[in-house]
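Reviewing the structure listed below.
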Amino acid sequence: MMKIIFSLLVMFPAALLAEAPLTVSLSPVGIMIEQGTSQQFTPTCTYSVHATDDCTAAGGVTWELSAPTIGTVSSTGLFHWTIAVPTGSLYGAYVVATAGGLHTTAAVYAQFVGDKYYLYTTPAYVTANTYNVAVGSKITLGAGVIINNTSSLTVGRPMQDACNWTTSDATKATVDRHGFVTGIAPGSVTITCNLTGNAVFANSGDSNWVAPGNFWVLTIVNGGTSNVTWYVRPDGGSYYDATNSPAGLCDGKSNLPAAGATAHQCAVDNLRDLWADGVTAYQQQWVIHGGDTVIVAPTAAGVGYNQNLDQVSPYASPAGSAFVPINCNGDTDCTMPTIPSGTSSRHTRILGANYASCHSDSAKTLLNVSYNGYAAFNITDSQYVDIACFEVADKAACSDNGNYVNQCHNGNQNMGKYGIHQSALSSDDNVTDVFIHGLGDDGVIGASGYGLVYNYLHIRATPDAGFNMDDSPWGSGNISVAGGLTMNNSIVEWAGGVEEYPVVHNIPIVESRGQTLGAYGDGFGTGSTVGDWSFDHDLWRYNLSDNLDLLHSGSQSITVTNNLSYAPDGQDYKMGNADTVIFRNNISLGDCQRIFTVIGDEPATGPPNSTNYPPGETPCRASGDQNFVAMSNYGTYIFQGNTFAGYGATGIDEGCGVGWDNCSSANSVFENNIALGISYTQYNVGNITPGLFFIDTSKDTMPPNSGWATRDHNIYYGWKNGPCIDGVLATEICADAKFMNEPALTISDDSLLDNYNFNLTTISQAKYSGTYISATSPDQNGTARANPPSMGALEIIIDTLRHIFSGSSAISGSGSIN
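For the sequence shown, counting from 1, position 99 maps to 102 in this note's numbering; every step adds exactly one.
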C-alpha cells in the first residue's frame, strides 16, 4: 500500500492535489514605507475542510507586483521598494498574491526619505471626537495624508487601503478591510487605522485633530422606535411646548389649521419649527424622535417654506428686530440638525404631503434654502431616514463662486448653498422624488455611508456640481472616502450653470462656467471611493465638466445600466479601476461642443462663450474623449448592449488604473455594442474623424483585441482606427447601424444631433445580429430582447405603433426639461 501511495504522489505532483481555498488574504493588508526599504507579507488561506494555513494546502503562493518597476517581491513574500520617490509625493501600487486560482492584494505606498506625512481620518470631526451610529447600520471610514504641510488646507492623497483596520470591541462594532463599520450593540467603540511600515508621520496642528490621528470613537446607539406623526401646513401655527415654548400655538400632532384649534391641537407652520423652537438662541434641536413621520403640506405655488433665516443676515437686520428664527441668531450657516435615526424596520420619515404619487414637480412641497442658508436637509449623521416629495430651491440667480459674473454678494441675496448635506455616516437612507435646482453651490454635498438610495432625483443648475461627494474633510480635497450609492430614474443637468430667478424659460440658464474659468461642473463627482455603486435609468446632460465621473475609484463594483448621457463639456461616463464594472444597455452621445451654443429657449447669456460674458472656457475639456474605463489585472469589465455615437477624439479610452501597469489578464468583455463615429467639421478642423479605442501603450499593457479579452458581435462605422481598420473579428460587422431618421455622418452643425433617435431601422445590420445575453434583457426601454437580439441599447421595434424610446424626448433641441 505504501508503494502505491508513493507512486501516486510521483504521478500527481502536490499542485494537482492541492485543496481549493475559499479565501486568500495577506497580512498586513497595506503598508507605508520609506523608499529603499522592505516589508514581509504573510499569506493566509481558509478552506472548507480545515480552518486556515499559510496556503501550503492550496499548493503555495505566487507573488507579483501590479507595477513591476517599483521594486521586487520574493517567492516568500518579501517586498522591497527600489525606485526613487520625489519629495512631496505618495507613490503606490499593490503586492498581488495568488493561491488556488484566487487573487488578493495589499496596498504598498512609499515615501521620500525626509518627507513627513500628516494623517487625517474621514469623515472629519466637526464638534467632538465622537459619532453616533445606529445598531445594524453600516458606515464608511477612511484616511488620507497631507505631505509636508502642517495645515490640511490643501489637496491630499487618499490611502485608506493602507489601513489595517481594528475594532476595540467586536461585540459593539465590526470593521472590514475597506473601512466599513457595522454597529452591533449599544456602547462606545474605537476604530483604528493601524499603519504598518517605517514611513514618518507628524502631528497636525488643526483644530479637533487628536494624536496620533488614526482613530474614531463611535457611539453605537439604538435607533429611534417612536411612532408619532407630525404635521406642517402653511395655515398652521408656531410650535407649542408647555415647558420650552408655552407662547406657541400648535403642538404639531394634528393635521388642522391654527385658526379655531383647541388645546393646541394643530399643525405647525414650518418644517423648521420642529428643530427651531423660536425661543432659544443658538439652539437647534429636533422635537421629533427617531421613527417619527413628518408630513409637510405644499404652500401656494412659488412660496415655499424658508428653512434658514427669514431676512438678510447679519448686517441688514432692521434696527432692534430679532432674527427669525431666533435659534439661528443671525448665523447664516444655521441649518437643521441631522435628522434623528430610525431603525431598519421603522425609518424616520420627512415627507411632502403628496408622497404617495409625487413624480410630477407640481406635486412636490417647496423648501427654500434661504438667505445664504447652508442646506435644506441634513442627514450627515442619519441612518434609516426617508425623505420624499420635495422641491428645493432658493430665490436668487447667483453662484457662491466668485469667478461668476452672477456672484452672490456678501449674503445679501436670498440664496442657498446646498440641497442635501450627507456624509460617510449617512447610511440606509432613501431620498425619493426630490427636485433640487437653482442653488448657489451643489445639489447634494458629501460622501456616503452604505445603502444610500436616491430614486427620482432631479438636479438642475447648481453652479459647483450636481452631486459632489468630495466634501473636503479637514479642509482638504481628494481624501473624502464615500462608501457607495444607488441612484435610479434620476436626472442631473446643467451643473456649472446659474439658474434665472424667477424661472421663465424651459432651459433657464443665464450663465455657465467650467474648470477653465475657475468653476467645477461635474454632474456627479467623488473623492475616493469604496463599496458598491449602481446607476440605473439615469439621464446625464449639459454639465460643464463630466456627466458621470466615477474615475477616482477604489470601489468593489460599479454598475451602470440603462443610462443616457450626452452634451457635457467633458466625458459622458468615467469609471475607475473597481474590481468589477458592469456597463449594459447604455447610450453615450459624444457632442462635447454642443453646450457652447444656445440650446432651445435658453437665454443667449447662458453659454460660456456668449457675447455677454468673456470667452475662455475650454470646449471638449477631456481632449474630446467621450468615455473612459480604468482596469486592474484581475478585475472584470463587462460592456454589453450599449450604443456609442459621436464626434471628438476618441470614443472609449482604456487604461490601467492607479497602481497598475499590467492589465493584460483583465476579464474585459465587449459584446453586442454599436459604435458609430460622426465627423463634425467644427471640431479639430483638418482631423475630424474620431478614433474608437485609445490605449497609451507606453504606460499600460492591456488585453488583446483593442483591450478586450472577449470581443464579439459588435457593429462599427465611421472611426479612423479600431476593428474595421486594425482587424474585425468573425462575428463583428463594419457598417452604418442605420438608426431611425439618422443625420448625415458628416455634419457642420452639432444641433443636428439633437432629437437623436437611437432606434434601429428594419434595414439595420445590427438587427438580430447579437448574441443572446440574458442580463441585457429587457433593453433600456423595457422591451424584451429577441433571440438572437439586436445590437445596441435598444431592441428593434418592428411594430411602428409601439412607443419609441421614452428617452428620445429628453434629447430635445426644444429644451424641454420635463
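Where a beta carbon is used, it is the ideal one built from N, C-alpha and C, also for glycine.
- Within the segment 105 to 159, complete beta strand (DSSP E) segments of at least 3 residues are found at 105 to 114, 120 to 125, 134 to 137, 141 to 143 and 145 to 150, given in chain order.
- When beta bridges are read from the DSSP output, residue 663 appears opposite no residue.
- If you look at residue 718, you'll find it isn't in any alpha helix (DSSP H); it sits in the beta strand (DSSP E) that goes 718 to 720.
- Residues 619, 620, 621 and 624 of the same chain have their beta carbon placed closer than 8 angstroms to that of residue 519, with the five preceding and five following residues left out of the count.
- By the C-beta density criterion, residue 781 is exposed, having fewer than 16 other C-beta atoms within 10 angstroms.
- When the beta-carbon positions are compared, residue 68 and residue 50 stay at least 8 angstroms from each other.
- Residue nearest to residue 776 within the set 444, 83, 152 and 716 is 716 (criterion: CA-CA distance).
- For the pair of segments examined, the segment 260 to 267 was found to touch the segment 230 to 242: the number of CB pairs separated by less than 8 angstroms reaches three.
- Annotated three-state conformation of residue 100 is strand, per DSSP.
- The residue among 36, 32, 641 and 451 with its C-alpha nearest the C-alpha of residue 46 is 32.
- Judged by pairs of C-beta atoms under 8 angstroms, the segment 485 to 493 touches the segment 534 to 545, as three or more such pairs exist.
- Counting along the chain, the unbroken alpha helix (DSSP H) around residue 710 starts and ends at 707 to 710.
- Contact check between the segment 414 to 423 and the segment 444 to 458: three or more CB pairs, one atom from each, fall below 8 angstroms, which counts as touching.
- Within the same chain, Cβ atoms closer than 6 angstroms to the Cβ of residue 140 are found at 186, 386, 430 and 431, the five residues on either side in sequence being excluded.
- Judged by beta-carbon spacing, residue 485 lies beyond the 8 angstroms limit of residue 400, meaning their Cβ atoms are not closer than that value.
- If you draw a straight line from the Cα of residue 216 to the Cα of residue 343, it is about 28 angstroms long.
- CA-to-CA, the gap between residue 193 and residue 398 works out to about 44 angstroms.
- Bounds of the beta strand (DSSP E) holding residue 194 are 190 to 197.
- Taking every protein chain shown into account, the CB of residue 612 has fewer than 16 other CB atoms within 10 angstroms, so this residue is exposed.
- Remark: three or more beta-carbon pairs, one from each stretch, lie closer than 8 angstroms, so the segment 646 to 664 and the segment 697 to 711 are flagged as touching.
- For residue 728, the enclosing alpha helix (DSSP H) covers residues 726 to 729.
- For residue 587 and residue 566, the gap between their C-alpha atoms comes out near 9 angstroms.
- Non-local beta-carbon contacts of residue 456 in its own chain, meaning distances under 6 angstroms to residues more than five positions away in sequence, involve 433 and 489 in chain order.
- Between the C-alpha atoms of residue 593 and residue 547 there is a straight-line separation of about 14 angstroms.
- With fewer than 16 neighbouring CB atoms inside 10 Å of its own CB, residue 728 falls in the exposed class.
- Apart from sequence neighbours up to five positions away, the residues of its chain that approach residue 103 with a beta-carbon distance below 8 angstroms are 21, 22, 23, 24, 27, 48, 58, 61 and 62, ordered along the chain.
- Proximity of the segment 301 to 311 to the segment 188 to 206 falls short of the contact definition, fewer than three beta-carbon pairs being nearer than 8 angstroms.
- Per DSSP, residue 350 is not a residue of any beta strand (DSSP E), being assigned neither H nor E.
- According to the DSSP secondary-structure assignment, residue 410 is paired through a beta bridge with 402.
- Taking the CA atoms as reference points, residue 158 sits about 18 angstroms from residue 112.
- For the options 236, 590, 600 and 340, the alpha carbon positioned closest to that of residue 285 is the one of 340.
- Distance from the CA atom of residue 135 to the CA atom of residue 352, rounded to whole angstroms, is 19 angstroms.
- Residue 496 has its alpha-carbon roughly 9 angstroms from the corresponding atom of residue 525.
- Residue 237 carries a strand assignment under DSSP once its states are collapsed to helix, strand and coil.
- In this structure residue 787 is exposed. Its beta-carbon is surrounded by fewer than 16 other beta-carbon atoms within 10 angstroms.
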